[in-house]
Amino acid sequence: MGARAIINEVGPRDGLQSQSRILSVDERLQLIGALEAAGIRRIEVGSFASPKAVPAMAGTDRLLERLNGEGLTTYTSMVPNLKGYRLAREAGAASVTVIAYASETMAQRNVRMTLDETESTAGDILRLARDDGVEAIVIVAVAFGCPFEGAVDPDFVGNIAARYLEADVARLVLADTIGAADPAQVGRLAGELVESHGAVRLGCHFHDTRAMGLANVYAALQAGIRWFDSSIGGLGGCPFAPGASGNVATEDVVMMLHQMGFETGIDLPRLLAASDLATRLTGTAPGGRAREWLRKRLGASGRDPSAALEARA
Ligand code: ZN
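Structural data, given as structure tokens:
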């Protein structure tokens with residue numbers, strides 16, 4: 002048995018929120034169904050941001066109501082404020098994702114709050130979640146670089162992370178929201194956090210803007226991180242972060258993990274089908290960089306090509 006790594010699929014939220022074509026709740030459910038069929042057990046399914054601010058996420062309450070209690074998957078959704086948390090709870094959410102910021106300007110542009118205000122709001126949500134028995138994931142936006150402020154001080158990020166980890170969050174995810182990080186930077190920051198807090202509650206979230214997404218996943222893996230946010234077909238971008246492009250593609254991350262001997266519980270042929278569906282539904286999902294290679298190999302054997310490589314090694 003190989004070591005285990007966890008994929009937290011964020012395509013239905015991070016991926017879809019910036020698309021010009023808005024998917025219906027039924028289409029979103031179809032995509033989530035395909036991801037589950039591929040064996041993904043953690044999915045960020047939507048956001049309780051105001052539908053005026055993020056029209057593509059309208060109806061996340063109805064979506065969540067239809068998903069709840071269907072099986073083994075943990076569905077989380079983003080709650081940007083207390084109102085969002087209440088709406089998520091009313092829809093039966095068992096897990097929520099709370100945003101923290103590593104830059105003052107990003108906080109003000111994204112949610113029109115100061116950094117301190119975002120932290121106190123997050124603290125309120127985390128207390129409610131603990132009382133309600135709801136899992137809370139905290140994602141630290143622009144942890145490696147900010148579109149407005151540029152470089153972000155790693156000590157500053159380390160202190161933010163420490164405060165949330167002390168607040169007992171289930172998972173603390175460092176997000177490279179605009180895809181500005183490089184593997185050396187990731188290795189240093191992830192390494193320091195793993196050394197201080199252990200790896201069990203940490204995770205990383207990379208965008209592939211500068212084509213370093215997979216290299217950053219590798220650097221985080223080497224530092225001990227075993228939880229990765231990724232997006233099917235490389236869907237993504239952020240409406241509030243200029244220059245952000247898609248998340249690192251789930252199929253690329255999973256293929257690399259399998260070939261390196263990690264277990265994810267994910268079936269690559271089915272994941273490829275989910276990636277094709279994401280492209281069909283949005284018209285914009287580029288697909289992972291390995292898609293063509295995977296498709297050729299799958300056409301030949303119908304089996305997980307990276308598993309076949311592993312067996313041959
Ligand atoms: Zn993102």
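Per the working numbering, the very first residue in the sequence shown carries number 2; after that it's consecutive.
We put the beta carbon where it would ideally sit given N, CA and C, even for glycine.
Computed from a predicted model, the values in this text were never measured in an experiment.
Check, Outcome
"Below 6 Å CB to CB, which residues in the same chain sit around P155 once its five sequence neighbours on both sides are set aside?", "L190"
"Opposite A101 in the DSSP bridges: which residues?", "V141"
"L173 and V141: beta carbons closer than 8 Å?", "yes"
"With H, G and I counted as helix, E and B as strand and the rest as coil, what does DSSP make of V80?", "coil"
"Where does E193 fall in DSSP's three states?", "helix"
"Spatial neighbours of E91 within its chain, please: C-beta separation below 6 Å, excluding the five flanking residues on both sides.", "none"
"Just the Cα atoms here: how many angstroms apart are S96 and R43?", "10 Å"
"Check whether the Cβ of N217 sits closer than 7 Å to any heavy atom of ligand 1, and report yes or no.", "no"
"Is it the case that the segment 128 to 135 contacts the segment 103 to 116, given that we only count it when at least three CB pairs across the two stretches are under 8 Å?", "no"
"Taking 7 Å as the line, does the beta carbon of G214 fall inside it for any heavy atom of ligand 1?", "no"
"Could you check what DSSP says for L173 in three-state terms: helix, strand or coil?", "strand"
"In three-state DSSP terms, what is V11?", "coil"
"Mind checking whether the beta-carbon of N248 lies closer than 7 Å to any heavy atom of ligand 1?", "yes"
"Flag T61 as yes when its Cβ comes closer than 7 Å to any non-hydrogen atom of ligand 2, and as no otherwise.", "Only ligand 1 can be found as ligands here, which leaves ligand 2 out of the picture."
"Between D209 and ligand 1, is the CB less than 7 Å from at least one heavy atom?", "no"
"I need the boundaries of the alpha helix (DSSP H) containing H259, first residue and last residue.", "T251 to Q260"
"For R313, I'd like the list of residues in its chain whose CB is within less than 6 Å of its CB, leaving aside the five on either flank, ordered along the chain.", "Only weak support exists for where R313 lies, its pLDDT of 46 falling under 50; the value from the coordinates is given anyway. So the list is empty, once near-sequence residues are dropped."
"Counting only runs of 4+ residues fully inside the segment 14 to 98, write out the alpha helix (DSSP H) ranges in chain order.", "26 to 38, 61 to 68 and 83 to 91"
"Using 8 Å as the threshold, is the C-beta distance between G12 and I233 below it?", "yes"
"At a cut-off of 7 Å, is G47 close to ligand 1 when judged by its beta-carbon and the heavy atoms of the ligand?", "no"
"What would DSSP say about F229, mapped onto helix, strand or coil?", "strand"
"For the alpha helix (DSSP H) holding L278, just list the boundary residues, first then last.", "L269 to T283"
"Specify, as a first and last residue, the run of the beta strand (DSSP E) that I203 falls within.", "Before going on, a small fix: residue 203 reads as Leu here, not Ile. Element bounds for L203: L203 to F207."
"For G151, name the three-state secondary structure that DSSP assigns.", "strand"
"For a test of the three-state rule: what should DSSP assign to R290, helix, strand or coil?", "coil"
"Between the segment 76 to 88 and the segment 123 to 130, are three or more C-beta pairs nearer than 8 Å?", "yes"
"Going by DSSP, what residue range makes up the alpha helix (DSSP H) through D183?", "Note, D183: premise wrong, no alpha helix (DSSP H); not H, not E."
"Ignore the nearest five residues each way along the sequence and tell me which others in D209's own chain have a CB closer than 8 Å to its CB.", "G180, L215, G235, S246, G247, N248, V249 and A250"
"Using the C-alpha atoms, what's the distance from E45 back to R296?", "26 Å"
"Does ligand 1 have even one heavy atom less than 7 Å from the beta-carbon of P132?", "It is worth fixing the name first, because residue 132 is Asp in this sequence and not Pro. Not so, every heavy atom of ligand 1 lies at least 7 Å from the Cβ."
"What does the alpha-carbon distance come out to for the pair N160 and E167?", "11 Å"
"Would you mind stating whether D230 and H206 have Cβ atoms separated by less than 8 Å?", "yes"
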